[in-house]
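Mind the numbering: the sequence shown is residues 1 to 711 in our numbering, read in order. The beta-carbon is built from N, C-alpha and C at its ideal position, and this holds for glycine as well. Single-structure report; data block below.
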Amino acid sequence: MFPLVTNFARPTGGHTQKIRYNPYGRKRMGQKNQSRCRPAILMQQSPESDPPGEPPLIIRRTIVVIWVLAGSFAGSGLAQPIDVVGQLTQVRQSLLSADVAAAVQRLNQLRQQADRLTPAQRHQVDLIFGQITGAFAPRQAAWSDRKVIDTVVLVDNELMLMRAIGAWQDDAFYPVLLNDGWYSRLFIEAFKPSRVVHIPSGVMIDPTVAAETAVKLIARQNARMIVHREANAAPPPGLVVIDPAGPHRTAGLALAIGRGQPILTAAGVPDPMAPFAAETITQLAADILSALGQWRLASSETWVGLTLAARLPYFYKAEPTTLPANAQIKLTGPRALDDLLGRNNQGVRFAIAGRLTGDAARANYQAMCALFLQPKNALLIDDYPTRPGNPIWKTYSLDQSEKLFAGRFPIQRLTGDGLNIAAIRTATAPRHRFDLLWVNSSGSPHRFAIHGPDEGTADDIPLGRAAAFNVVHSMSAADPWDADTLAGRALAGGAYWYFGSMNEPYLSAFVEPEIAAVKILAGCPLAFALHHGPDHPFYMPWKLVCLGDPLYSLRDTPAQRINAPLPLNGAHPQPPHELDPPDLAEADDLSPGDLASAVYHHFVEGDYPAILKLDPILARRHPIATACYRQVLAQRYAKLLNANELDDARAALTRLLILGGDKSDLTHHARQWLMQMARTGNKPAAINYLKALAAQSLPAPAKQALTDLID
Numbered sequence: 001m002f003p004l005v006t007n008f009a010r011p012t013g014g015h016t017q018k019i020r021y022n023p024y025g026r027k028r029m030g031q032k033n034q035s036r037c038r039p040a041i042l043m044q045q046s047p048e049s050d051p052p053g054e055p056p057l058i059i060r061r062t063i064v065v066i067w068v069l070a071g072s073f074a075g076s077g078l079a080q081p082i083d084v085v086g087q088l089t090q091v092r093q094s095l096l097s098a099d100v101a102a103a104v105q106r107l108n109q110l111r112q113q114a115d116r117l118t119p120a121q122r123h124q125v126d127l128i129f130g131q132i133t134g135a136f137a138p139r140q141a142a143w144s145d146r147k148v149i150d151t152v153v154l155v156d157n158e159l160m161l162m163r164a165i166g167a168w169q170d171d172a173f174y175p176v177l178l179n180d181g182w183y184s185r186l187f188i189e190a191f192k193p194s195r196v197v198h199i200p201s202g203v204m205i206d207p208t209v210a211a212e213t214a215v216k217l218i219a220r221q222n223a224r225m226i227v228h229r230e231a232n233a234a235p236p237p238g239l240v241v242i243d244p245a246g247p248h249r250t251a252g253l254a255l256a257i258g259r260g261q262p263i264l265t266a267a268g269v270p271d272p273m274a275p276f277a278a279e280t281i282t283q284l285a286a287d288i289l290s291a292l293g294q295w296r297l298a299s300s301e302t303w304v305g306l307t308l309a310a311r312l313p314y315f316y317k318a319e320p321t322t323l324p325a326n327a328q329i330k331l332t333g334p335r336a337l338d339d340l341l342g343r344n345n346q347g348v349r350f351a352i353a354g355r356l357t358g359d360a361a362r363a364n365y366q367a368m369c370a371l372f373l374q375p376k377n378a379l380l381i382d383d384y385p386t387r388p389g390n391p392i393w394k395t396y397s398l399d400q401s402e403k404l405f406a407g408r409f410p411i412q413r414l415t416g417d418g419l420n421i422a423a424i425r426t427a428t429a430p431r432h433r434f435d436l437l438w439v440n441s442s443g444s445p446h447r448f449a450i451h452g453p454d455e456g457t458a459d460d461i462p463l464g465r466a467a468a469f470n471v472v473h474s475m476s477a478a479d480p481w482d483a484d485t486l487a488g489r490a491l492a493g494g495a496y497w498y499f500g501s502m503n504e505p506y507l508s509a510f511v512e513p514e515i516a517a518v519k520i521l522a523g524c525p526l527a528f529a530l531h532h533g534p535d536h537p538f539y540m541p542w543k544l545v546c547l548g549d550p551l552y553s554l555r556d557t558p559a560q561r562i563n564a565p566l567p568l569n570g571a572h573p574q575p576p577h578e579l580d581p582p583d584l585a586e587a588d589d590l591s592p593g594d595l596a597s598a599v600y601h602h603f604v605e606g607d608y609p610a611i612l613k614l615d616p617i618l619a620r621r622h623p624i625a626t627a628c629y630r631q632v633l634a635q636r637y638a639k640l641l642n643a644n645e646l647d648d649a650r651a652a653l654t655r656l657l658i659l660g661g662d663k664s665d666l667t668h669h670a671r672q673w674l675m676q677m678a679r680t681g682n683k684p685a686a687i688n689y690l691k692a693l694a695a696q697s698l699p700a701p702a703k704q705a706l707t708d709l710i711d
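See the structure below:
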């Protein structure tokens, strides 16, 4: 595990004693510190509130986490020290006020004195300079200069998908999606092509043949990248890790070929959320570091993308041995594996990781959206400016970010008295209308709190649109494979890019919105802009994750679309009527994706009776069908209880339990019916019914809700 030095600011006479530290060099005990010191940065307030009976949060979390940049970043003595820390602090203040010109001027002054800076200082200066001036552009040229054939290609299996991607040309390419009925429709609606073609294949593919095809395409792409490297061309923008036998292989190939990246192969695991052997992570980290060096990507001047197109473990547990005993509760526990990878043995970061999720159709959709779509509008849900107490909340206000992004596309911002659950639902339901969502909230993996008396749940996450999400919220991405969590619902509902935390991160682990916005608008990949640099305490491996392409970024100009023939055989025009939502009356014969499209169509149109006719067990075949059905049924259930129609309410409750969902919501629903039955003197019969129901085959949250209620 990487070396970690942690100092605490302890209460002394009612005041906080600030500890000073050296953020760059190493020194032995008794050795004079040759680098300039700066005041400790205090860990700021978490998105969560103070637990009852605890000291104030600012005291409990007044700790400093210093990542010691060692090895090549070791400090060196300077004859005439430069106040680099002070200069970078001024750069930071300029970015917080969106004064990019002043920030660039100071950075240029430091760059002109590069021979007087330590390697670590040069790294930090170059990194910030590149992110706010668009210096990453040469690495983006492989895809930003490529023309887009204005056609969407739909295929029926992964083998056809790989062949279609393999036919992409250096000067032009086109989106290719599995014809799953849900994600393919969302992409077509967002991309709005001049035509859609279909390459049919009624033959089931042999998994061995598909894996062999993936291996051949990986070898071909790496051979092309070797030629590129030997020609001394610009280094590629990143590295893609692919499991040739896994469900994300086609998506990984799309991002590798589409963005001009080399590929490293790695075997996935059956369940990313399951425990794993530490050796698995050690070997994976070493292999990635070796590959980054091989492809000239382990540079101290910039970051590169690290795309994880394999089912890899999602978290690891931090070693407590290097931390003070009273720090372990705060700093150990689950951390994001993705934030650990792409670093050397001293913790120096070379790469920002992004992870593809879901089945083959969803992962490939995430890749195609990142390659071919750009946001045209944004919704900002900003709960922080009106929160009382610690001023850290206002530091993360989206006020300045709104002004910055307004120069790029239309913005709607919900904040203050205009922000509550009703306002969010009005803005996003029933049809989701926004391409980019930036959310400031707090809560848990399943719920979020905003201004007003009511909480939001996963059911309030907008559905049915290709969108990118940045969510400043504790644990929203705790389990992105669970569609009843915030991140899981967003990804199932159409989000192709999601940035959030997989565990309690502390608010200051997130980059301030103004700084992130400046970098994003300069063309810096979003995931890069949303990670802190080496001068920040939360530069260490921590708990933030990017679910999607780590190289996804805003373009200055749209990609040029052309009408050109496809380099493919067997492509037939897709009749327009086949792109319409399927008939829900034929639900038994629909694929899961088509079922989701049919249910969502009726949901948006307000045709709730048609949805309520659906068997709830059938609706569980797709998380979007489940989500829409549950919302409609919950409204119906509330009306039945208010009307005291308890027999019909019981039938609705049974369906809600079959659908599953958040345990606390299900407990609430069951308790409401039980209380109504008790008022009519039928509580024993109601309890017997719930006991019998609990013995049946129900989703785990429903079983647990009934067990807790009955006991």
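Q. Which partner residues does K317 have in the DSSP bridge list?
A. The residue given as residue 317 occupies position 317 in the sequence shown. By DSSP's assignment, K317 forms a beta bridge with P334.
Q | Best match in A596, A477, I188 and H536 for proximity to I128 [C-alpha to C-alpha] | A | Along the sequence shown, one-based indexing puts residue 128 at 128. Comparing C-alpha distances from I128 to each of A596, A477, I188 and H536 shows the shortest one belongs to H536.
Q. Hey, out of A103, I188 and Q294, whose CA is closest to N222's CA?
A. Counting from one through the sequence shown, the residue named residue 222 turns up at place 222. Of the candidates A103, I188 and Q294, the one whose C-alpha sits nearest the C-alpha of N222 is Q294.
Q.
Mapping the DSSP letters down to three states, classify A245 as helix, strand or coil.
A. In the sequence shown, counting from the first residue as 1, residue 245 sits at position 245. In this structure, A245 counts as coil in the three-state DSSP scheme.
(Q) I need the boundaries of the alpha helix (DSSP H) containing C628, first residue and last residue. (A) As a working mapping, residue 628 is identified with position 628 in the sequence shown. P623 to N642 is the extent of the alpha helix (DSSP H) around C628.
Q) Between the beta-carbon of A458 and the beta-carbon of D662, is there less than 8 Å? A) The residue you call residue 458 lines up with position 458 of the sequence shown. The residue you call residue 662 lines up with position 662 of the sequence shown. Their beta carbons are under 8 Å apart, which means A458 touches D662 by this criterion.
Q) Which residues in the same chain as H15 place their Cβ atom closer than 8 Å to its Cβ, once the five residues preceding and following it in sequence are excluded? A) Here residue 15 refers to the residue found at position 15 when the sequence shown is read from its first residue. In this prediction, H15 has a pLDDT of 31, which is less than 50 and means its spatial position is unreliable; nothing more can be read from the coordinates.
Q.
So, with DSSP's three-state summary, where would you put C546?
A. In the sequence shown, counting from the first residue as 1, residue 546 sits at position 546. The answer is strand: DSSP assigns C546 an E or B state.
Q. For Q574, which residues of its own chain have a beta-carbon under 7 Å away from its beta-carbon, when the five flanking residues on both sides are left out?
A. The residue given as residue 574 occupies position 574 in the sequence shown. Contacts found: L154, V196, V197 and H198.
Q: Count the other C-beta atoms from every protein chain shown that fall within 10 angstroms of the C-beta of M475, then say buried if there are 16 or more, exposed otherwise.
A: For this step, residue 475 is matched to residue 475 along the sequence shown. Buried: at least 16 other Cβ atoms inside 10 Å.
Q. Hey, M162 and T250 are a contact pair by Cβ (cut 8 Å); roughly how many whole angstroms apart?
A. Here residue 162 corresponds to residue number 162 of the sequence shown, with the count starting at 1. Here residue 250 corresponds to residue number 250 of the sequence shown, with the count starting at 1. With 8 Å as the limit, M162 and T250 qualify as a contact, their Cβ atoms being about 6 Å apart.
Q.
Looking only at its chain, what residues have a beta carbon closer than 6 Å to the beta carbon of N326, apart from the 5 residues adjacent to it on each side?
A. Residue 326 sits at position 326 when you count from the first residue of the sequence shown. Low local confidence applies: a pLDDT of 48 at N326 is under 50, so the model's placement there is unreliable, with the coordinate-based value given in what follows. Counting only Cβ-Cβ distances below 6 Å, and skipping sequence neighbours, we find nothing.
Q. Per DSSP, which one or two residues make a beta bridge with G354?
A. The sequence position of residue 354 within the sequence shown is 354, counting from 1. In DSSP, G354 forms a bridge with T307.
Q.
Comparing C-alpha positions only, which one of A278, G333 and P262 sits nearest to L308?
A. Along the sequence shown, one-based indexing puts residue 308 at 308. The shortest C-alpha separation from L308 is found at P262.
Q.
Restricting to runs no shorter than 3 residues, where is the beta strand (DSSP E) found entirely within the stretch 524-591?
A. Taking only runs of at least 3 residues, the beta strand (DSSP E) segments lying wholly in the stretch 524-591 are 544-547.
(Q) Using 8 Å as the threshold, is the C-beta distance between V472 and L486 below it? (A) Against the sequence shown, residue 472 aligns to sequence position 472. Against the sequence shown, residue 486 aligns to sequence position 486. With respect to L486, V472 sits apart: the two C-beta atoms are not nearer than 8 Å.
Q) CA-CA distance, A285 and V269? A) Working through the sequence shown from its first residue, we reach residue 285 at position 285. Working through the sequence shown from its first residue, we reach residue 269 at position 269. The alpha-carbon of A285 is positioned some 15 Å away from that of V269.
Q) beta strand (DSSP E) containing H198: first to last residue? A) Here residue 198 is taken as the residue at index 198 of the sequence shown, counted from 1. Its beta strand (DSSP E) spans residues R195 to I199.
Q: Check whether the Cβ of L373 sits closer than 7 Å to any heavy atom of the ligand NAP, and report yes or no.
A: The ligand NAP is not part of this structure, which contains no ligands at all.
Q) Got a sec? Which residues, its chain only, sit under 6 Å from A619 by beta carbon, not counting five neighbours each side? A) Residue mapping note: residue 619 aligns to position 619 of the sequence shown, counting from 1. Excluding residues within five positions, the ones whose Cβ falls inside 6 Å are A625, T626 and Y629.
Q: Starting from the Cα of N569, find the closest Cα among A167, K543, L436 and Q696 and give me that residue.
A: Position 569 of the sequence shown, counting from 1, holds the residue named residue 569. With distances taken between CA atoms, N569 lies nearest to A167 out of A167, K543, L436 and Q696.
Q.
By the DSSP assignment, the beta strand (DSSP E) with D665 in it spans what residues?
A. Walking along the sequence shown from the start, residue 665 turns up at place 665. Where D665 is concerned, there is no enclosing beta strand (DSSP E), although the alpha helix (DSSP H) it sits in stretches over K663 to R679.
(Q) Using the Cβ count rule (16 or more neighbours within 10 Å means buried), how would you classify D549? (A) Here residue 549 refers to the residue found at position 549 of the sequence shown. That one is buried.
Q: Give every residue of the same chain whose Cβ lies closer than 6 Å to the Cβ of G452, excluding the five residues on either side of it in the sequence, and list them in chain order.
A: Position 452 of the sequence shown, counted from the first residue, corresponds to residue 452. Closer than 6 Å at Cβ, skipping near neighbours: N420.
Q: Mark D126 as exposed unless 16 or more other C-beta atoms lie within 10 angstroms of its C-beta, in which case mark it buried.
A: Your numbering for residue 126 matches position 126 in the sequence shown. Counting the other Cβ atoms within 10 Å of the Cβ of D126 gives 16 or more, which makes it buried.
Q) Applying the criterion that 16 or more other CB atoms from any shown protein chain within 10 Å of the CB defines a buried residue, is A114 buried or exposed? A) Here the question's residue 114 lines up with position 114 in the sequence shown. With fewer than 16 other Cβ atoms within 10 Å, it is exposed.
Q) Can you check whether the CB of I149 is closer than 8 Å to the CB of L566? A) In the sequence shown, residue 566 corresponds to position 566, counting from 1. In the sequence shown, residue 149 corresponds to position 149, counting from 1. Closer than 8 Å, so yes.
Q | Candidates A685, A686, L255 and T707, of which the one nearest A695 by Cα | A | In the sequence shown, the residue the question calls residue 695 occupies position 695. Closest option to A695, judged by alpha-carbon separation, among A685, A686, L255 and T707: T707.
Q) From R26 to G347, what does the alpha carbon distance come to, in whole angstroms? A) The residue labelled residue 26 in the question sits at position 26 within the sequence shown. The residue labelled residue 347 in the question sits at position 347 within the sequence shown. Caution applies to R26, whose pLDDT of 30 falls short of 50 and renders its modelled position unreliable; the value that the coordinates give is listed next. Those two C-alpha atoms are separated by around 14 Å.
(Q) Can you tell me which residues form a DSSP beta bridge with L178? (A) The residue labelled residue 178 in the question sits at position 178 within the sequence shown. In the DSSP output, where bridge partners are listed per residue, L178 has V155.
Q: Compute the Euclidean distance between the alpha carbons of V215 and P244, then round it to the nearest angstrom.
A: On the sequence shown, position 215 is the one that residue 215 refers to. On the sequence shown, position 244 is the one that residue 244 refers to. Separation of V215 and P244 (C-alpha to C-alpha, rounded to the nearest whole angstrom) is 6 Å.
Q.
On the criterion of 16 or more Cβ atoms from any shown chain inside 10 Å, does M225 qualify as buried, or is it exposed?
A. Along the sequence shown, one-based indexing puts residue 225 at 225. Its Cβ being crowded by 16 or more others within 10 Å, M225 is buried.
Q) What separation, rounded to the nearest whole angstrom, lies between the Cα atoms of A466 and F187? A) Sequence index remark: in the sequence shown, residue 466 carries index 466 (1-based). Sequence index remark: in the sequence shown, residue 187 carries index 187 (1-based). Separation of A466 and F187 (C-alpha to C-alpha, rounded to the nearest whole angstrom) is 6 Å.
Q: Tell me A458's beta-bridge partners as DSSP assigns them.
A: Indexing the sequence shown from 1 puts residue 458 at position 458. For A458, no pairing in a beta bridge is given by DSSP.
Q: Starting from the Cα of A361, find the closest Cα among R116, G494, Q412 and A103 and give me that residue.
A: Here the question's residue 361 lines up with position 361 in the sequence shown. Nearest C-alpha to A361 among R116, G494, Q412 and A103: G494.
Q. Secondary structure at S401, three-state DSSP: helix, strand or coil?
A. Within the sequence shown, residue 401 is the residue found at index 401, counting from 1. Looking at S401 - three-state DSSP - the assignment turns out to be helix.
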